[in-house]
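Report on one structure; see the data block that follows.
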Amino acid sequence: MTERKSQKYAVVDLEATDASITASIIQVGIVIICDGKVIDHFETDVNPHMALSDHIIQLTGITDKQLKKAPDFSQVASKIYEMIKDCVFVAHNVKFDANLLAEHLFLEGYELRTPRIDTVELSQIVFPTLEKYSLGSLAHYLDIDLQNAHTAIADAMATAELFISLYQKLSSFPKETLTDLLSLSDNLLYESYLLIEEAYKQAKPYSKGKFNKVNHIIVQKPSKTKKPLKLSQDFEVNLALLDLERRERQLEFVQIIEDEFETPFPIFVEAQSGLGKTYGYLLPILARTSSQIIVTVPTKVIQDQMLLKELKQLKETFNIRSYSLKGPQNYIKLDLFAESLNQIDSNRMLNRFKMQILVWLLETETGDLDEIKQQQRFASFFDTIKHDGNISQKSPYKEIDFWVKNDFEAKKSHILVTNHAYFLTRVQDDKDFVKNKILVVDEAQRMLLALEQFARQSLDLSNIIVELSSLSQDTSHLTQKRIAELLMFELSHMIEEYYQHSTPEIPKQQLQIIEQSLSELDHVDFGDLLSLCQNFTSFWLSHKEDDGKRKTYLNGASENLLDFEAFLPPVEKLFLISATLQFDEKTILPQLLGFKQFTFSKVAKRKNEQQLLIIDKSMPSIQSVSEDCYVSEIGKRLLALVKLEKPILVLFHSQKMLIQTSDYLNQLNVPHLAQDRNGNASNVKRRFERGDAQILLGMGAFWEGVDFIQNDRMIEVITRLPFDNPEDPFYQKVLRHMSQSNQNTFYTYSLPMMFLKLKQAIGRTIRRENQKSVVLILDNRIETKSYSSIILHLLKNEYVTYSQKVKDYLATISDFLL
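For the working numbering, add 93 to where a residue sits in the sequence shown, where the first one is 1.
The following block contains the structure:
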């Protein structure tokens, strides 16, 4: 019997004069792998007989002087070909290296026909939760040495280590998972399936002690929990056990939490971010009670960070059980994913995501789709597999369903962390969720904004009518068909009346007809519309132009949920931590949230030296010039800022002004990305961060929900202060409500809400310690109005603030961002 010859792999990296198909090779690095080990390597410089660009010299460190001594490619072609001709060709982004080397070899008389493996597409499958798949990012994640990046042999060696790691991890997968991966592997762009086949030969069937298997779905079994350890009453002892450094401002914060712990009233504490407040409130509370602690934070991003950092460390050190709770749509529904596996799809990207999810299910403890950081590349597919909060008793996946497990884990956990938006939804549906528990509202000033959003909802009626039309055509059930047609008629008639008679408000009785029809419609896609009809008390229509298309929206609102104290059931203890408690002498956050009795404490504020705030004192008043003139002034400033060669985020409060500014930049051929015109918020952010354009024009989510963590240096431009539209029906309703108690609605509501939104916007571009950013405010009302002193005082307490003209602040910004 002939012994099977082990497959050899040639891991190749090239450096070239540029990234085009006509580039000349200037350096070659080759590493040969066999049986999971490096058995040979080769490196050489190559003389391209042309001068290198400054960019390539800076990127690679290779110089013209160095290459003058190097051999021509013709002198090393034979050596390279003989070395790799019987190997599988492996590279990171294999298309460039394989095509360029094959072209050079062909010109020397050698035809390279080896199969190709791309470590990028394999890494996307094998490491499904990473955000970036560059060689540098993967090397950092796997602790691979890559000190001399962009030299061919260093990159080839790092790629070889990556390749071995990929093989080892693939070999550890259950054989059943590898079978499913191979069934989908035709969708890989290259012959990357060869490594999966190789791993399959070494793999073993799934372990019943480690995994649960239902049909093609294999998921982790829950890990066994250990008995929690008792924390010390001394905060610094607990800090030492966590191996964390002592910080004076954190100790001041902790002292407040400890001193106020027995207070029967809600406890408000003003404390800036950056002092370690998460441990500052969790450790004293854990040391003093065994009650469940519910922590609500502003966003899912912060929620995820808390789970991966503080809560993970508390579990490892003290066996404290915690759980991250989100809405059902954040989790995968295994029934739906199983259906997708049974469908034959022609889209390669969709099928590669199926491969990625099969691997992710082996590792995830939560089933939270947010763990898959690149899901926005195919958001429509992820929408088809997200959970709806329902699980059939007949479902084969009922016992391993993540949403069911989620509810079970939430009840047993000592710490439960959620986000403001889901917290409000959950409490509305289930008062027992928080009743008689300890509640910590972190960044409580943003709960005020969450309440505002929670008190209203907006749905695109155009999309809903299209979906109803599709349902009426596809369904074979006559009753369902008639209901869909009735709903289409009612909604279309509503829109027609709006445009014919300019009557935005919709009577509640009209919505009751729609609500009744929706309740009889057996289709989950219209749950948001039903929820809007059921949960709100006033309704109106609005519209906006989106890239030449008119969209009509149904809006619902309720003023009753603005009183946070009335909304909450009785809790054992309530802590509200805020970066901003007081707006002026009369207006404080507790009052805005509806609290009448409370304690109020502060930790001394410290200015953030990494962020500079500049007020443009040469900008004309938004109320004294035409909109076209104001847009022109914005454009002129952006043209000046572009010369500083830093990424520029420009925030708008009006889509019309955003589009007008985009048109202005287009007329001057200034490259930029405009939200909705060039893609949705996540799409344009991704393109902006990879350098497709220096300027990003955004609104909506960019004020409050999108963080810029990647950019070390950045400029943010705020075109106007984010006051609510006074014509907005919901805003009018709030003002009427507040005026009944003889409050000055501008100072007690409008101004504080604007300031909170402004602070949220300022925080978008400073998310880690080594970042620097400049925020330029163009709206001169911040200095010219009667309320200016209030806003300036609050801003100057926290930010280094200048007021300058354009010619002066360009130099200031340039110096600061060095």
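Even for Gly, the Cβ is constructed at its ideal location relative to N, Cα and C.
Since the structure is predicted, the reported quantities are computational estimates derived from the model, not experimental observations.
For residue i, write down the residues that DSSP places opposite it in a beta bridge.
i, result
"residue 182", "103 and 209"
"residue 527", "Residue 527 is not bridged to any residue."
"residue 809", "742 and 868"
"residue 138", "120"
"residue 313", "304"
"residue 98", "Its beta-bridge partners do not exist; DSSP assigns none."
"residue 415", "508"
"residue 599", "632"
"residue 127", "101 and 130"
"residue 461", "424"
"residue 790", "743 and 767"
"residue 390", "512"
"residue 361", "669 and 693"
Taking the alpha-carbon positions, what's the residue i to residue j distance?
i, j, result
"residue 701", "residue 672", "13 Å"
"residue 467", "residue 450", "12 Å"
"residue 525", "residue 759", "55 Å"
"residue 163", "residue 157", "10 Å"
"residue 65", "residue 217", "As displayed, the chain neither begins before 94 nor continues past 911, which places residue 65 out of reach and without an answer."
"residue 426", "residue 369", "36 Å"
"residue 658", "residue 690", "10 Å"
"residue 554", "residue 570", "24 Å"
"residue 800", "residue 858", "6 Å"
"residue 68", "residue 850", "No answer is possible for residue 68: the residues shown for the chain start at 94 and end at 911."
"residue 95", "residue 284", "Interpretation of residue 95 is limited by its pLDDT of 43, a score under 50 that renders its predicted location unreliable; the figure taken from the coordinates is listed afterwards. Rounded to whole angstroms, residue 95 to residue 284 spans 26 Å at the Cα level."
"residue 773", "residue 637", "15 Å"
"residue 428", "residue 311", "13 Å"
"residue 515", "residue 533", "15 Å"
"residue 662", "residue 840", "29 Å"
"residue 845", "residue 607", "37 Å"
"residue 357", "residue 904", "53 Å"
Using 8 Å for Cβ pairs, my map puts residue i next to residue j. What's the rounded Cβ distance?
i, j, result
"residue 521", "residue 625", "Not quite, the Cβ-Cβ distance comes to about 14 Å (not below 8 Å), so this is no contact."
"residue 424", "residue 499", "7 Å"
"residue 531", "residue 665", "5 Å"
"residue 258", "residue 235", "5 Å"
"residue 537", "residue 670", "6 Å"
"residue 348", "residue 775", "With a Cβ gap of about 42 Å, residue 348 and residue 775 do not count as contacting."
"residue 271", "residue 286", "10 Å between Cβ atoms; not a contact."
"residue 121", "residue 139", "6 Å"
"residue 419", "residue 352", "Not a contact, Cβ separation roughly 34 Å."
"residue 854", "residue 744", "6 Å"
"residue 328", "residue 377", "6 Å"
"residue 771", "residue 777", "5 Å"
Report the three-state DSSP secondary structure of residue i (helix, strand or coil).
i, result
"residue 650", "strand"
"residue 767", "strand"
"residue 367", "coil"
"residue 896", "strand"
"residue 170", "helix"
"residue 112", "coil"
"residue 913", "It is not possible to answer for residue 913, since the shown part of the chain is limited to 94 through 911."
"residue 533", "strand"
"residue 479", "strand"
"residue 350", "helix"
"residue 709", "strand"
"residue 905", "helix"
"residue 671", "strand"
"residue 379", "helix"
"residue 856", "helix"
"residue 385", "coil"
"residue 680", "coil"
"residue 339", "coil"
"residue 485", "coil"
"residue 838", "helix"
Counting only beta-carbon atoms, is residue i nearer than 7 Å to chain C?
i, result
"residue 218", "As a matter of chain content, chain C is missing from the structure shown, which is built from one protein chain."
Is it true that the segment 887-899 meets the segment 702-713, where meeting means three or more beta-carbon pairs spaced less than 8 Å apart?
The segment 887-899 is in contact with the segment 702-713.
Counting pairs of beta carbons, one from the segment 180-196 and one from the segment 243-257, are three or more of them closer than 8 Å?
Contact check between the segment 180-196 and the segment 243-257: three or more CB pairs, one atom from each, fall below 8 Å, which counts as touching.
Does the segment 487-506 come close enough to the segment 301-318 to have 3 or more Cβ pairs within less than 8 Å?
Output reads yes: the segment 301-318 touches the segment 487-506.
Stretch-stretch touch, CB-based, cutoff 8 Å, three pairs: the segment 506-520 with the segment 376-387:
Enough Cβ pairs lie closer than 8 Å, so yes.
If you pair each beta-carbon of the segment 142-153 with each one of the segment 108-120, do three or more pairs fall below 8 Å?
The segment 142-153 is in contact with the segment 108-120.
Does the segment 679-690 come within contact of the segment 866-876, defined as at least 3 CB pairs closer than 8 Å?
Under the 8 Å Cβ criterion, the segment 679-690 does not count as touching the segment 866-876, having fewer than three qualifying pairs.
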